[in-house]
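**Student:**
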Amino acid sequence: AQSVTQLDSQVPVFEEAPVELRCNYSSSVSVYLFWYVQYPNQGLQLLLKYLSGSTLVKGINGFEAEFNKSQTSFHLRKPSVHISDTAEYFCALASGGSNYKLTFGKGTLLTVNP
Amino acid sequence: DTAVSQTPKYLVTQMGNDKSIKCEQNLGHDTMYWYKQDSKKFLKIMFSYNNKELIINETVPNRFSPKSPDKAHLNLHINSLELGDSAVYFCASSQVPYNEQFFGPGTRLTVL
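Order-wise, the sequence lines are chains L and R.
Quick note, the first sequence lines up with residues 88 to 201 if you use the working numbering.
Quick note, the second sequence lines up with residues 20 to 131 if you use the working numbering.
1) Give the straight-line distance between the Cα atoms of Ser-182(L) and Thr-129(R), rounded to the nearest whole angstrom.
2) Tyr-126(L): buried (16+ other C-beta within 10 angstroms of its C-beta) or exposed?
3) List the residues of chain L whose Cβ lies closer than 7 Å to the Cβ of Thr-122(R), in chain order.
4) Does Glu-67(R) have its Cβ less than 8 Å from a Cβ in chain L?
5) On a Cα-Cα basis, can you pick out the residue from Thr-78(R), Pro-27(R), Ser-87(R), Ser-113(R) that is closest to Leu-46(R)?
6) If we call anything under 8 Å between Cβ atoms a contact, is Gln-132(L) one with Val-124(L)?
7) Compile a chain-ordered list of the residues in the segment 73-92 of chain R whose CB is closer than 7 Å to at least one CB of chain L.
8) Show which residues of chain L have a CB atom less than 7 Å away from the CB atom of Gly-125(R).
9) Answer with buried or exposed for Leu-131(R), where buried requires no fewer than 16 other C-beta atoms within 10 angstroms of its C-beta.
10) Rounding to the nearest angstrom, what Cα-Cα distance links Arg-109(L) and Gln-93(L) in this structure?
11) Checking 8 Å against the spacing of the C-beta atoms, do Leu-197(L) and Thr-173(L) come in under that value?
12) Do you know offhand how far His-96(R)'s Cα is from Ser-139(L)'s?
13) Report, in whole angstroms, the separation of the C-beta atoms of Asn-118(R) and Cys-42(R), which I expect to be a contact under 8 Å.
14) Are the CB atoms of Asn-76(R) and Phe-61(R) within a distance shorter than 8 Å?
15) In chain order, what residues of the same chain have a beta carbon less than 8 Å from the beta carbon of Asp-95(L), not counting five sequence neighbours either side?
16) In the DSSP output, what is Tyr-29(R) paired with across the bridge?
17) With 7 Å as the C-beta to C-beta threshold (strictly closer), list the residues of the segment 187-199 of chain L near chain R in chain order.
18) What do you reckon, are the CB atoms on Arg-127(R) and Ser-99(R) nearer than 8 Å?
19) Tell me which residues share the same chain as Glu-151(L) and place their Cβ nearer than 8 Å to its Cβ, disregarding the 5 neighbours each side in the sequence.
20) Val-70(L) to Ile-170(L), Cα distance in whole Å?
21) Which residues, in chain order, does the segment 171-184 of chain L contribute to contact with chain R at a C-beta distance below 9 Å?
22) Could you tell me which of Val-118(L), Asn-111(L), Val-98(L) sits nearest to Tyr-137(L), measuring between CA atoms?
23) Does the distance from the CB of Ala-106(R) to the CB of Asp-57(R) come in under 8 Å?
24) List the residues that DSSP assigns as beta-bridge partners of His-162(L).
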């Protein structure tokens, strides 16, 4: 069985501070990893994805994530956040052993304060 | 042009009623999905169709029945609605099952 754990349910930060949202996963087969963002009352939008290749993945809006196979992690980072980054962030996993369905973490609410 | 669209955006209904939510994608994708997001924002897959064939059917009450008339459409019909069905339902699509999924704006279902 596969699972995704987002270690922080809420992360408050001040504007222009760096942020890291943590994600750990569990899967016995090769994985594909994603970070999605959900702004209030909207659908989900892809921030970035890791399918293969370079373990450092750059996404939209200045976000990046690093795939670490030995630590089974895929943490999301941004060096300087804006008020507009306030949203719910979801880490998700797809693996071949599960017919490629996406398993989502429980989400991390990032709140950027002025 | 909206990539993945859902109708209606809001649905308020009484317990015991039957309702449908429609989803359409204009991305030419082969795979479509239904997800349920509960009040705590937890997202769980319900169904997935690939080329009109059901490939994922999670543990969902059989009051929920998906229908895919063609590759671009995946509708969700719910019979005998219960209070616990209140949630936001998202449709999504992807070109291949393991790659990026594009989500619709969601349908907020409230059962009274």
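Glycine included, every Cβ here is placed at the ideal spot set by N, Cα and C.
**Tutor:** In terms of the structure at hand:
1) 33 Å
2) exposed
3) According to the sequence displayed, residue 122(R) carries Phe and not Thr. Ordered by position in chain L, the residues that pass the 7 Å Cβ test against Phe-122(R) are Gly-130, Leu-131.
4) First, the residue type needs correcting, since residue 67(R) is Ser and not Glu in the sequence shown. Cβ-Cβ to chain L under 8 Å: yes for Ser-67(R).
5) Ser-113(R)
6) yes
7) Ile-74, Ile-75
8) Gly-130
9) exposed
10) 6 Å
11) yes
12) 37 Å
13) No, Asn-118(R) and Cys-42(R) are not in contact; Cβ-Cβ is about 19 Å, not under 8 Å.
14) no
15) Leu-108, Arg-109, Thr-195
16) Arg-127(R)
17) Tyr-187, Lys-188, Leu-189, Phe-191, Lys-193, Gly-194
18) no
19) Leu-135, Leu-143, Val-144, Lys-145, Leu-163, Arg-164, Lys-165
20) Given that chain L is displayed from residue 88 to residue 201, the structure contains no residue 70(L) and the question cannot be resolved.
21) Glu-175, Phe-177, Ala-179, Ala-181, Ser-182, Gly-183
22) Val-118(L)
23) yes
24) Glu-153(L)
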